Amino acid sequence: MNQFYTFTMILSITSFGLASFMTPGPNNIMLLSSGLTFGYKRTLPHALGINFGFPVMVICVGLGVGKIFEVFPFIYTTLKVVGISYLLWMAWHIANTKGLLDTANKKDKPFTFLQAALFQWVNPKAWVIAITSTAAFITDHQIAFIQVMIISFIYFFCAILSTNSWALGGVMLRRFIQNERLVQIFNITMAILIAGSIIPFVFVQ
Numbered sequence: 127m128n129q130f131y132t133f134t135m136i137l138s139i140t141s142f143g144l145a146s147f148m149t150p151g152p153n154n155i156m157l158l159s160s161g162l163t164f165g166y167k168r169t170l171p172h173a174l175g176i177n178f179g180f181p182v183m184v185i186c187v188g189l190g191v192g193k194i195f196e197v198f199p200f201i202y203t204t205l206k207v208v209g210i211s212y213l214l215w216m217a218w219h220i221a222n223t224k225g226l227l228d229t230a231n232k233k234d235k236p237f238t239f240l241q242a243a244l245f246q247w248v249n250p251k252a253w254v255i256a257i258t259s260t261a262a263f264i265t266d267h268q269i270a271f272i273q274v275m276i277i278s279f280i281y282f283f284c285a286i287l288s289t290n291s292w293a294l295g296g297v298m299l300r301r302f303i304q305n306e307r308l309v310q311i312f313n314i315t316m317a318i319l320i321a322g323s324i325i326p327f328v329f330v331q
């Protein structure tokens, strides 16, 4: 029977996952802003959408979606353009979110579970991580299904750690940023960071 992964490989996948998930990117920056603006409870569906949405995306990529891009590269290019455009729109939306610290405010709303899960499919960073990790860590196509499931399982827990850390980080900032004008300035800064985080992926083929 083929060995799915050695302990060293598990550590490598986990290290890659933690490094990828914990570093700043569109998901984390939006969670930080949402935690500050809406609080943890209202941000939780956003976090859960990422926790489940990205591992599902990895499963799909690992089981064959990535092959479609090899046959039809224009699909990947189109998806990248759509994703970058959507991220720029999201940056604009965050920049224009009112700095209301009242979590009962309903005018501006955080991501829902479904929106966050679907967002992974237009998130350039998510695509790069999914494609890179499945290409690197699927070592035997005869047991590829099990290996993909293991990778996704590890990423699920990495995502939980990351999303909660960034969302709670935003909540912690509420202790220091009490002025609604400062919240607006913070959100504008986050929007600029989201726009800036797109730049490395513009040149990814």
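First residue of the sequence shown: 127, per the numbering used here; consecutive thereafter. Virtual Cβ for every residue (Gly too), placed ideally from N, Cα, C. Please read these numbers as outputs of a predicted model, since none were measured by experiment.
Asked: Assuming L144 and G295 make a contact with CB atoms under 8 angstroms, what is their CB distance in whole Å?; Found: Actually they do not touch by this definition, with Cβ atoms about 16 angstroms apart.
Asked: Taking just the CA atoms, how far does W218 sit from I194?; Found: 32 angstroms
Asked: Going along the chain, which unbroken runs of the alpha helix (DSSP H) with 4 or more residues stay wholly within the stretch 175 to 259?; Found: 192 to 197, 199 to 221, 239 to 245
Asked: Rounded to a whole number of angstroms, what is the C-alpha to C-alpha distance between I318 and Q268?; Found: 45 angstroms
Asked: Evaluate the contact criterion for the stretch 206 to 223 versus the stretch 261 to 278: three or more CB pairs, one atom per stretch, below 8 angstroms.; Found: no
Asked: With a threshold of 6 angstroms on Cβ separation, who are the neighbours of A333 within its own chain once the five nearest residues in sequence on each side are excluded?; Found: Shown here, the chain extends from 127 to 331; a query on residue 333 therefore has no answer.
Asked: Determine the direct distance from the alpha carbon of Y131 to that of V312, and round the result to whole angstroms.; Found: Residue 312 is actually Phe in this sequence, not Val. Near 43 angstroms, if we compare the C-alpha coordinates of Y131 and F312.
Asked: Assuming T163 and V254 form a contact by the criterion Cβ under 8 angstroms, report the distance between their Cβ atoms to the nearest whole angstrom.; Found: Not really, about 28 angstroms apart at Cβ, beyond 8 angstroms.
Asked: Please go through the stretch 142 to 177 and give each complete alpha helix (DSSP H) segment of 4 or more residues, from N-terminal end onward.; Found: 152 to 164
Asked: With DSSP as the reference, label R307 as helix, strand or coil.; Found: helix
Asked: State the start and end residues of the unbroken alpha helix (DSSP H) segment that holds Q273.; Found: 270 to 299
Asked: Please go through the same chain and pick out, in chain order, the residues whose beta-carbon is closer than 8 angstroms to the beta-carbon of S138, but skip the five residues on each side of it.; Found: F263
Asked: Just how far apart, CA to CA, sit S259 and K251?; Found: 12 angstroms
Asked: I'd like to check one pair, S288 with F142: are the Cβ atoms closer than 7 angstroms?; Found: no
Asked: Measure the CB-CB distance between I176 and A321 and report whether it falls below 7 angstroms.; Found: no
Asked: Can you tell me the Cα-Cα spacing of P236 and A242, whole angstroms?; Found: 10 angstroms
Asked: Buried or exposed: which applies to R301, given that a residue is buried once 16 or more other Cβ atoms fall within 10 Å of its Cβ?; Found: exposed
Asked: Residues in the same chain with beta-carbon distance under 7 angstroms from M316, minus the five sequence neighbours each way, listed in chain order, please.; Found: I155, L158, S159, I220
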